[in-house]
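Colleague: According to our numbering, the stretch in the sequence shown is residues 158 to 532, in order. Each residue gets a CB set at the ideal place from its N, CA and C atoms; glycine is no exception.
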Amino acid sequence: MKKFDKERVLLAVAGPVIALAVAFVLSAIVLIASGKNPVEPFALMFEQAGFSDIQVLIINQASMYYIAALAVAIGFRMNLFNIGVDGQYQLAAMMAAVVGAHVALPGVLQIPLLLLTAVLTGAFWSGIAGVLKVTRGVSEVVATIMLNSIATAVIGYLWLPDVFGVKVGNNNTTGEMHDSGWVPGIDMGAAGEVYGLVILAVLLGIGYWVVLNRTRFGFDLRASGASETAAAASGVSPRRMVLTAMLLSGGLAGLAGLPILLGDTHTYSLNFPTGIGFLGIGIALLGRNSPVGIAFAALLWAWLDKASPELDFHGYDKEIAVIMQGLIVLSVVVSYEAVREWGLRRQQRRVGAELAAGHVLGATTDNTDKEVAAR
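1. On the CB-based measure, 16 or more other CB atoms within 10 Å of its CB, does Asn-217 come out buried or exposed?
2. Where do the ends of the alpha helix (DSSP H) carrying Asn-305 lie?
3. Looking at C-alpha atoms only, which residue of Gly-192, Phe-181 and Thr-301 is the closest neighbour of Gly-232?
4. Among the candidates Ala-310, Pro-448, Gln-482 and Ala-250, whose CA atom is the shortest distance from the CA of Ala-178?
5. Taking Cβ to Cβ, would you say Ala-254 is nearer than 9 angstroms to Leu-412?
6. The ligand NAD and Gly-284: does any heavy atom of the ligand fall closer than 8 angstroms to the residue's C-beta?
7. Between Lys-163, Gly-364 and Arg-373, which lies nearest to Asp-447 when the distance is taken from Cα to Cα?
8. Could you tell me which of Pro-195, Pro-341 and Asn-370 sits nearest to Ile-356, measuring between CA atoms?
9. For Asn-327, count the other beta carbons within 10 Å of its own beta carbon; 16 or more makes it buried, fewer makes it exposed. Which is it?
10. Around the Cβ of Tyr-425, are there at least 16 other Cβ atoms within 10 angstroms (buried) or fewer (exposed)?
11. Distance, Cα to Cα, Met-345 vs Val-351?
12. Where Gly-172 and Gly-444 are concerned, what is the direct C-alpha to C-alpha distance, given to the nearest angstrom?
13. Which residue marks the beginning of the alpha helix (DSSP H) containing Thr-274, and which one marks its end?
14. Nearest-angstrom Cα distance between Pro-263 and Leu-317?
15. Around the C-beta of His-423, are 16 or more other C-beta atoms found within 10 angstroms, so that it is buried, or is it exposed?
16. Assuming Leu-248 contacts Thr-274 (C-beta within less than 8 angstroms), just tell me the rounded distance between them.
17. Could you compute how far the alpha carbon of Leu-360 sits from the alpha carbon of Ile-268?
18. Is Lys-159 buried or exposed, if buried means 16 or more other CB atoms sit within 10 Å of its CB?
19. Where DSSP assigns a beta bridge to Ile-440, which residues make up the other side?
20. Mapping the DSSP letters down to three states, classify Pro-394 as helix, strand or coil.
21. Can you tell me the Cβ-Cβ gap for Ala-226 and Ala-388, rounded? I've got them flagged as a contact below 8 angstroms.
22. Quick check on DSSP: helix, strand or coil for Ala-171?
23. Taking the C-alpha atoms as reference points, what is the distance between Gly-472 and Glu-197?
24. Can you pull the DSSP bridge partners for Val-323?
25. Does the distance from the C-beta atom of Val-486 to that of Ile-438 stay below 9 angstroms?
26. Assuming Gln-212 and Ala-206 are in contact, meaning their beta carbons sit under 8 angstroms apart, how far apart are those beta carbons, in whole angstroms?
27. Indicate the three-state DSSP secondary structure (helix, strand or coil) for Ile-189 in the structure shown.
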């Protein structure tokens with residue numbers, strides 16, 4: 158049985174805890190500088206978390222954040238920075254909505270078709286950046302940023318009435334999807350409904366952990382991210398792993414918008430949530446690419462989003478939640494580096510102490526052997 162490493166757990170937890178503490182303190186300083194009470198806004202938001210309807214909203218929002226962050230985390234594991242998750246999930250949701258509005262199959266076929274459409278669309282869009290990287294050496298950061306803009310233009314084209322667009326008042330939509338593609342929610346009574354695809358988010362988190370930690374592919378992926386040279390020496394193709402990681406990341410990203418699409422809106426319109434892909438980057442960083450850590454980070458982000466509107470009713474700006482999210486991202490980078498340096502120094506001191514003890518033990522043994530020989 159593997160020995161429980163308390164120090165490793167401490168180092169893993171210390172980074173997020175320090176980041177959150179620093180973010181809270183800095184947010185309080187911002188409130189004080191603006192002449193506001195530095196404690197009451199957080200107390201109000203914590204109070205909101207106790208209401209069942211807000212809890213449902215938090216869980217629903219967190220499901221989308223969680224899937225987007227998993228997509229980002231796969232790239233991080235491979236030392237790839239997939240900034241294109243935002244464009245990938247929006248374009249995937251758009252295509253799924255179009256298919257759902259024009260294809261009517263029984264539910265057992267319709268829902269898998271929509272899921273597959275979203276996965277393939279996201280994978281295709283991220284695969285473009287992957288191909289450019291492995292064939293032309295184009296940075297995935299630059300490629301995915303450009304692809305985000307192109308995805309926006311493609312969506313605008315698909316919204317045209319002569320293509321797939323349906324005008325509803327002043328809103329551009331893809332038309333309502335056939336109800337066989339709707340995913341029923343989990344009824345929570347007066348609190349509302351939890352999206353049915355929250356279960357999908359949980360399954361994706363389990364699958365992410367199993368693939369990365371219990372399969373040869375996951376080992377190759379992590380090894381390639383740690384050192385392409387070492388991975389190549391062991392027979393792993395770095396180019397193949399880069400392309401595979403980008404395809405997987407995009408495929409997951411394609412599912413990020415489906416909980417709300419199939420569970421609530423049933424159409425893709427101007428009101429569809431945007432920016433989830435960029436938020437996924439901060440959530441993945443805070444969660445340290447761990448499925449459990451990302452889950453807590455997604456819930457935290459969703460809580461800040463859904464509890465902050467209450468601040469408007471008490472004379473505070475709800476944008477304090479946005480400020481806090483930004484401060485968390487900044488604090489994460491600094492705190493993780495500080496914790497890493499601290500852990501490295503502790504390891505160096507421990508190794509030095511062990512070497513010193515071994516040296517003394519060796520000298521003592523040599524002296525004893527000489528005494529025995531002399532006798």
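Modeller: For this structure:
1. buried
2. 297-315
3. Thr-301
4. Gln-482
5. no
6. The model on display carries no ligand, and the ligand NAD is accordingly not part of it.
7. Checking the displayed sequence, the identity of residue 447 turns out to be Ser instead of Asp. When only C-alpha atoms are compared, the closest one is Gly-364.
8. Pro-341
9. exposed
10. buried
11. 7 angstroms
12. 10 angstroms
13. 264-293
14. 28 angstroms
15. buried
16. Going by Cβ atoms, the distance from Leu-248 to Thr-274 rounds to 11 angstroms, so no, they are not a contact pair.
17. 16 angstroms
18. Interpretation of Lys-159 is limited by its pLDDT of 49, a score under 50 that renders its predicted location unreliable; the figure taken from the coordinates is listed afterwards. It is exposed - the Cβ of Lys-159 has fewer than 16 other Cβ atoms within 10 Å.
19. For Ile-440, which the question treats as bridged, DSSP gives no partner whatsoever.
20. Residue identity check: residue 394 is Ser in the sequence provided, not Pro. Coil at Ser-394, not helix or strand.
21. Between Ala-388 and Ala-226 the Cβ distance is about 25 angstroms, and since that is not below 8 angstroms, they are no contact.
22. helix
23. 11 angstroms
24. Thr-330
25. yes
26. 7 angstroms
27. helix
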